[in-house]
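Okay, so here's the structure we're looking at.
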Amino acid sequence: MKRHQLPVTKAFRLASFGIMLAIQFLMASYVIAQPTFTKTANVITVESGECVTYTLTFECSLLEGFCMGVTLEDVIPPGFTFDQSTPTTRYDIRDGDRTCR
6 MKRHQLPVTK
16 AFRLASFGIM
26 LAIQFLMASY
36 VIAQPTFTKT
46 ANVITVESGE
56 CVTYTLTFEC
66 SLLEGFCMGV
76 TLEDVIPPGF
86 TFDQSTPTTR
96 YDIRDGDRTC
106 R
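First residue of the sequence shown: 6, per the numbering used here; consecutive thereafter.
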């Protein structure tokens, strides 16, 4: 039985096609995370001059991995002025939950 060796160009095309199929399969099974944000206030109503504390919470829908490239921007409601901020971050490596207060 005579063995035939594929020309380099044909072998390269076959390998490239296999790589393209693998990439398409990986892209089809890729899950995009859905980040969720909540904003709560420590009071329901406020009089002029009183302080309101807002808490912003971020969660990622992935069970494993991280939501990357997320930017959280909060706009102060009309009539309010910014007094101070005390950001703290809690990160639990076990469940990937990150809360900023």
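Note that beta-carbon positions come from the ideal geometry of N, C-alpha and C, so glycine has one too.
Whether residue i touches residue j by CB criterion (9 Å)
{"i": "Thr76", "j": "Thr62", "result": "no"}
{"i": "Glu64", "j": "Phe85", "result": "no"}
{"i": "Ser2", "j": "Pro83", "result": "Residue numbering for the chain in the displayed model covers 6 to 106; residue 2 lies beyond these limits and cannot be assessed."}
Cβ distance (whole Å) where residue i is taken to contact residue j below 8 Å
{"i": "Asp3", "j": "Cys56", "result": "Beyond the ends of the chain as shown, which are 6 and 106, falls residue 3; an answer cannot be given."}
Test: residue i CB closer than 9 Å to a CB of chain D
{"i": "Gly54", "result": "Protein chain content of the structure displayed is limited to a single chain, and chain D is not contained in it."}
7 Å Cβ shell around residue i - same chain, five flanking residues per side excluded
{"i": "Asn47", "result": "Val57 and Thr58"}
{"i": "Ser90", "result": "none"}
Own chain residues within Cβ distance below 6 Å of residue i, not counting five before or after
{"i": "Val52", "result": "The question names Val, but residue 52 is Glu in the sequence shown. Nothing listed; no residue qualifies."}
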